[in-house]
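In what follows, a structure is listed as structure tokens, so that the remarks can point back to it.
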Amino acid sequence: MQSVIGPSEEHVSMAGIPTEASILQLTDKAIPGKVLNVYNPPAGGGKLMTIMQIHKENEADEGIQRQAALLAFSAFKELKTVFLVDEDVDIFDMNDVVWTINTRFQADKDLMVLSGMRNHPLDPSERPEYDPKSIRFRGMSSKLVVDGTVPFDMKAQFERAQFMKVKDWEKYLK
1 MQSVIGPSEE HVSMAGIPTE ASILQLTDKA IPGKVLNVYN PPAGGGKLMT
51 IMQIHKENEA DEGIQRQAAL LAFSAFKELK TVFLVDEDVD IFDMNDVVWT
101 INTRFQADKD LMVLSGMRNH PLDPSERPEY DPKSIRFRGM SSKLVVDGTV
151 PFDMKAQFER AQFMKVKDWE KYLK
């Protein structure tokens, strides 16, 4: 039998796997086919942060990404931050996720702050001393949704640059 050494990336990854599966299952019941994948990176302890890969088929799907984030918060009170990205983003690569935030995100319109919500009791920032105006008692927190998805009607303007196709590329292998 293998032992788990904690706190480490090993134990937070183990905490993240069932959370990811549960969020994916929940969102697929409520908004089928719109959340393609979910990842809870070690930086969030497997429970505090999730990245959701969103599929928008048409203009009517605009806003569905934020609905997905709210569903995740409703299922896991300890979840504090949700990143929403398009299907062309590798959610398992934090560089790709951060690239998305830097190129497809405007803070004044793509940021949702949800105040006065329950949170994980081990979050040191949720104490009243941290913010007496908004945290009345231990266990209260603000939550964050970072929407890095492209508006559907602008999708063509945000296509990633492609490498130039080389016809006889095999000659370079010799």
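Going by the UniProt record's numbering, the letters in the sequence shown line up with residues 1 to 174, in that order.
The C-beta atom is built at its ideal place from N, Cα and C for all residues, glycine as well.
Looking only at its own chain, which residues have a Cβ that is under 6 Å from the Cβ of residue i, when we skip the five neighbours before and after it?
i, result
"Met-112", "Val-145"
"Leu-173", "none"
"Thr-27", "Val-35, Ala-68 and Leu-71"
Do you know how far the Cα of residue j is from the Cα of residue i?
i, j, result
"Pro-132", "Asp-123", "16 Å"
"Ser-125", "Gly-116", "13 Å"
"Met-1", "Gly-44", "Confidence in Met-1 is poor, its pLDDT being 42 and thus under 50, which makes the residue's placement unreliable; the coordinate value appears in the next sentence. Between Met-1 and Gly-44, the C-alpha separation is close to 27 Å."
"Leu-79", "Gly-16", "11 Å"
"residue 176", "Pro-151", "Absent from the structure is residue 176, since the part of the chain shown begins at 1 and ends at 174."
"Phe-73", "Ala-60", "23 Å"
"Ser-141", "Met-49", "14 Å"
"Gln-162", "Phe-137", "51 Å"
"Glu-9", "Pro-42", "6 Å"
"residue 185", "Gln-65", "This structure gives no information on residue 185, because the portion of the chain shown stretches from 1 to 174."
Could you please give the first and the last residue of the uninterrupted alpha helix (DSSP H) stretch that includes residue i?
i, result
"Ser-13", "9-30"
Got a sec? Which residues, its chain only, sit under 7 Å from residue i by beta carbon, not counting five neighbours each side?
i, result
"Asp-93", "none"
"Ser-22", "Ala-75"
"Gly-33", "His-55"
From which residue to which residue does the beta strand (DSSP E) around residue i run?
i, result
"Asp-147", "140-147"
Just list the residues that DSSP pairs residue i with in beta bridges.
i, result
"Leu-114", "Lys-143"
So, for residue i: in the same chain, excluding its five sequence neighbours on each side, which residues have a beta-carbon less than 8 Å away from its beta-carbon?
i, result
"Ile-101", "Phe-83, Val-146 and Gly-148"
Task: alpha helix (DSSP H) runs wholly inside the region 35-96, at least 4 long, in chain order - done: 64-75
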